[in-house]
Every structure is written in C-alpha cells, then in structure tokens.
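So in UniProt numbering, spot 60 of the sequence shown is number 60, and the numbers just go up one at a time.
All C-beta atoms in this analysis are idealised placements derived from N, C-alpha and C, irrespective of residue type, glycine included.
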Amino acid sequence: MDNCGLQRIPEIVKELKSLEGLIFTRNLLKTLPQWIGNSTQLKHLDVSNNQLEDLPDSIGNLKNLKKLVLSNNKLKRLPESIGNLRKLESLFIQNNKITNLPESVGKLQTLKRLWISANFLKSLPASIRSLEMLTELNISDNQLDALPKSIGLLSSLKFLIMGENPIRELSSSINHLESLQTLSMGGIDESAWNLSDYMKKKVRIYK
C-alpha cells in the first residue's frame, strides 16, 4: 500500500499467515507492530519513506526474509535481533539517523547487499568481516574517519561505495579485496587512499 496516509499497519495483515510480500511505502508509519514477527513467511518487507523511529525486536523472527527496505525514515538504531535474519540477502537503510550498526550484523551470512549511505555512522562493527557473501557495500555520506582492517576479508565484495566521509587514511587491507571491481571515493583525498598500483589498475575508481 503506497502513499495512503497510514499511521499503522492494519490489524488484518496479521491474519495473512502465508503472506510473502509486504509493502507499505510513503505513509506515516512511526513504528511497526510487535506482531509483525508472526508473519514468518515474509520474504520481502518494504517500509521505506515513512517516519519510522524504531523497529520491534520481533523483526528478528522473520526467518524467511530475503529483502528488507528501511530507507528514508528516522531510525537511530537497528535492534540486535536483526542478526537473526539468517536468509537476508538485501538490507537497504539509506537516509536515516543511524549512528552505529549492532555487532549482530555479522551473523547475516547470506547478505549480499548492504546500503547504509546518508546516515551518521562513525564506525563499522568488527563483525562485518563475517559477511563473506557481501557483494555490494554502500557506506557513503556518513561520518566515518576510518574503516576496520577486517574490511579486507570481504572476499566477495565487488562494489564499495564510500565517498563523502572524513576518512584520513584507508587501511592497506583494502588491497586484499580480490573480487573488487568498482570503488567510489568521491570527496576523499587521494593521499588517504593507500591503494597498491595493482589495485589502481584493476579496479574502476570514481572520485
């Protein structure tokens, strides 16, 4: 349901036990009901462009969820239970007010796309090294002044978008990203890149 002025998800939804997709975009939602966690067949949940300020812990009960879209809300944090979404492949959280990611993010071992641009991140959790299937990481337009050395362990990463951050120096571990194809570093001074000559030739770099 798109652009309907809804302030809450209708109760009737919790009776739809076989529901696989739920889209409530461009409404006025401030929170999700606790019972959302009972919709265990959900594979796709899109509540972007609302006024969400928090998420219920029960969201971690959505064991079959593959795509979660939370972009353009007012979220300040994600619950630790987010790490229970063991089938999640895509997590989109752009344009919120998030200052840090929970360590439990590292449990999302099927995650392929993590987009968290335009937030207030000051650091990434060390557990990010466990995201071995991650192919896309967008952390642009945050407040990051460094990346963890463990970033170099993301062996499947193809696209790293990290521009518009106050990064002073990149760890040389970035040179270990053997699958990397595209690196976007707009607004980051070249003196901070710390890229090997091999990486400069191998990877498409946008600045």
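Item to complete: Excluding the 5 residues preceding and the 5 following S48 in the sequence, name in chain order all residues of the same chain whose CB lies nearer than 6 Å to its CB.
Response: The count along the sequence shown starts at 1 and reaches residue 48 at position 48. Cβ within range, chain order: T25, V69, S71 and N72.
Discussion item. As a quick exercise: from K207, K30, S39 and D197, pick the residue whose alpha carbon is nearest that of L16.
Written reply: As a first step, residue 16 is located in the sequence shown; it is residue number 16 there, counting from the start. Taking the Cα of L16 as reference, the smallest distance to any Cα among K207, K30, S39 and D197 is reached at S39.
Item to complete: Name the one or two DSSP bridge partners that Y206 has.
Response: Within the sequence shown, numbered from 1, the residue matching residue 206 stands at position 206. Here Y206 is bridged, per DSSP, to S184.
Practice prompt. Would you list the residues sitting across from K67 in a DSSP beta bridge?
Written response: Indexing the sequence shown from 1 puts residue 67 at position 67. When DSSP reads this structure, K67 sits in a beta bridge with H44 and S90.
Worksheet item: If you compare alpha carbons, which of A146, D189 and I116 is closest to S123?
Response: If you number the sequence shown from 1, residue 123 lands on position 123. Comparing Cα-Cα distances from S123 to each of A146, D189 and I116, the minimum goes to A146.
Worksheet item: When you compare only the Cα positions, how much space is there between S191 and S172?
Response: Reading the sequence shown from its first residue, position 191 is the one you call residue 191. Reading the sequence shown from its first residue, position 172 is the one you call residue 172. Their Cα atoms are separated by approximately 13 Å.
Worksheet item: Using the beta-carbon count (16 or more within 10 Å), is Q34 buried or exposed?
Response: As a working note, residue 34 is residue 34 in the sequence shown. So Q34 counts as exposed.
Practice prompt. With DSSP as the reference, label E136 as helix, strand or coil.
Written response: Sequence index remark: in the sequence shown, residue 136 carries index 136 (1-based). Residue state for E136 is assigned as strand, using DSSP reduced to three classes.
Worksheet item: Taking buried to mean at least 16 other C-beta atoms within 10 Å of its own C-beta, is Q143 buried or exposed?
Response: In the sequence shown, counting from the first residue as 1, residue 143 sits at position 143. Counting every other CB atom within 10 Å of its CB across the protein chains shown gives Q143 a total below 16, marking it as exposed.
Item to complete: Using three-state DSSP, classify W115 as helix, strand or coil.
Response: On the sequence shown, position 115 is the one that residue 115 refers to. Three-state result, W115: strand.
Worksheet item: Does DSSP put G21 in a helix, in a strand, or in coil?
Response: Position 21 of the sequence shown holds residue 21. Residue state, collapsed to three classes: strand.
Item to complete: With DSSP as the reference, please indicate the residues paired to I174 in a beta bridge.
Response: Numbered from its first residue, the sequence shown carries residue 174 at position 174. I174 is not bridged to any residue.
Worksheet item: Tell me which same chain residues have a C-beta within less than 8 Å of the C-beta of R176, skipping the five on either side of it?
Response: Taking the sequence shown and counting its residues from 1, the one referred to as residue 176 is at position 176. Per the sequence presented here, residue 176 reads as His, with Arg not at that position. Annotation for H176: G152 and L153 place their beta carbon closer than 8 Å to its own, counting only its chain and skipping 5 residues before and after.
Fill in: Alpha carbon of D57 to alpha carbon of Y198, nearest angstrom
Looking up residue 57 in the sequence shown gives position 57. Looking up residue 198 in the sequence shown gives position 198. Between D57 and Y198, the C-alpha separation is close to 45 Å.
Worksheet entry | Cβ pair L78, L62 closer than 8 Å | Numbered from 1 along the sequence shown, position 78 holds the residue referred to as residue 78. Numbered from 1 along the sequence shown, position 62 holds the residue referred to as residue 62. No, the pair does not count as a contact, with Cβ atoms beyond the cut-off.
Worksheet entry | Simplified DSSP assignment, three categories, for I128 | For this step, residue 128 is matched to residue 128 along the sequence shown. Residue state, collapsed to three classes: helix.
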